[in-house]
Each structure stands twice: as structure tokens, then as C-alpha cells.
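Going by UniProt numbering, the sequence shown opens with residue 1, and the numbers climb by one from there. The beta carbon of each residue, even a glycine, is placed where N, CA and C say it ideally should be.
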Amino acid sequence: MGNRLIAVVDDDPLVRSATTSLLRSFGYDCCAFSSAEEFLQDEECDYACVVSDIQMSGMSGVELAHLLHKQAPPPPVILITAYPEARAAHAKSSGVVLDLLEKPLDGDALLGAVRAAIGDPDVEVDA
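Below, the structure is given as C-alpha cells:
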């Protein structure tokens with residue numbers, strides 16, 4: 001099995017905790033960050049995928065996606081938002097963002113996006 005470590009970046013502690021818990025229930029390992037800047041300071045881990053909110057104080061999720069896209073190889077980025085906007089749609093159409101999901105998150109949609117991001121067709125869901 002490949003890398004299954006997912007970074008969750010969201011400045012809302014409840015959303016961050018719920019998203020992390022949901023991904024863990026699908027069998028993924030997660031690290032949670034309260035900002036893009038905090039995430040970027042973590043040089044220890046190699047993330048298979050980044051799930052980030054779009055609107056955060058400081059650097060936005062779209063800005064984070066563009067910055068990560070310059071890495072070799074870039075991790076897939078899934079943006080989540082309560083406010084779908086043209087900027088995020090443009091980021092997705094440019095190839096910088098793998099997927100754009102609306103809050104509240106649908107568990108099946110998140111699972112499908114993460115599976116597509118890391119090429120993981122089979123995950124174990126906790127009972």
C-alpha cells in the first residue's frame with residue numbers, strides 16, 4: 001500500500017477536526033493544520049494529498065495550491081469551501097487543484113476525491 005498520509009488545512013477547528021475524523025474513519029492517516037503557513041512549516045512529512053479550505057486568514061487555499069504546484073512532484077490538492085467561487089473554479093480548471101468540494105462535506109464525495117488523488121481504489125472503513 002502506498003502513502004496514505006493526508007494533510008487537512010482549515011482555520012475552523014470544528015471543520016478541521018470533523019474532516020480529519022472522517023478521513024481516519026476511511027483508514028487514512030491525517031495531520032491537521034490551522035493555516036497554510038503552519039502546514040508549510042512542516043517539512044517532516046511527505047503528504048499523499050492535501051485537503052484545504054479556500055478561505056482562511058493569511059494564505060488562502062488557492063494560494064497554497066499554486067505554491068504546492070511548483071513542487072516536484074506536487075501533491076494533489078482538494079479544496080473545500082462553503083462559498084464556491086470563480087477563483088477556485090479557475091484553479092481547478094488550470095490543473096492546480098484536483099477537486100473542489102462544497103461544505104458541508106459529503107463523506108462519499110470526499111472519499112472519492114481522496115481515492116482519485118492518491119490512486120487508492122480500496123480503503124477499509126471502520127465499523
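Supposed contact pair residue j and residue i - C-beta distance, whole angstroms, cut 8 Å
i	j	result
A7	V62	Not quite, the Cβ-Cβ distance comes to about 16 Å (not below 8 Å), so this is no contact.
C30	L40	About 17 Å; that fails the 8 Å criterion.
Y28	V97	Not confirmed; about 19 Å, so no contact.
L79	L100	5 Å
For residue i, the nearest candidate out of the options (CA to CA)
i	options	result
A18	P74, P76, H66, D53	D53
S57	D10, N3, A113, D29	D10
H66	Q41, D42, A36	A36
S60	V77, C45, Y47	V77
E44	H69, H90, L5, L101	L5
A91	D106, E102, L64, P73	L64
G95	K70, D106, T81	K70
Start and end residues, alpha helix (DSSP H) containing residue i
i	result
A109	107-118
F39	36-41
V15	13-25
Boundaries (first-last residue) of the beta strand (DSSP E) holding residue i
i	result
A7	5-9
S52	49-53
L100	99-102
A65	Premise fails: A65 lies in the alpha helix (DSSP H), 61-68, not in any beta strand (DSSP E).
A32	29-33
Residue environment, residue i, which counts as buried when at least 16 other CB atoms sit within 10 Å
i	result
M1	Unreliable positioning characterises M1 in this predicted model, as indicated by a pLDDT of 45, which lies under 50. The coordinate reading is nonetheless provided below. By the neighbour-count rule (16 or more Cβ atoms within 10 Å), M1 is not buried but exposed.
A127	Below a pLDDT of 50, predicted positions are generally treated as unreliable, and A127, at 35, falls in that range; the measurement from the model is reported next regardless. Per the 10 Å Cβ criterion, exposed.
V93	Note that residue 93 is Ser in the sequence shown here, rather than Val. By the 10 Å Cβ count, S93 comes out exposed.
Y83	exposed
P104	exposed
Cut-off 6 Å between Cβ atoms - residues of its own chain near residue i, not counting five sequence neighbours on either side
i	result
A32	V8, R16, T20
I118	A48, C49
D46	none
Minimum Cβ-Cβ distance from residue i to chain B less than 8 Å
i	result
L5	Looking for chain B here will not work: only one protein chain is present.
Any non-hydrogen atom of the ligand GDP within 7 Å of residue i CB
i	result
D99	Summarising the ligand content, the structure contains no ligands, and the ligand GDP is consequently not present.
Cutoff 8 Å; reference residue i; Cβ partners in own chain excluding five residues on either side
i	result
P13	S34
D108	none
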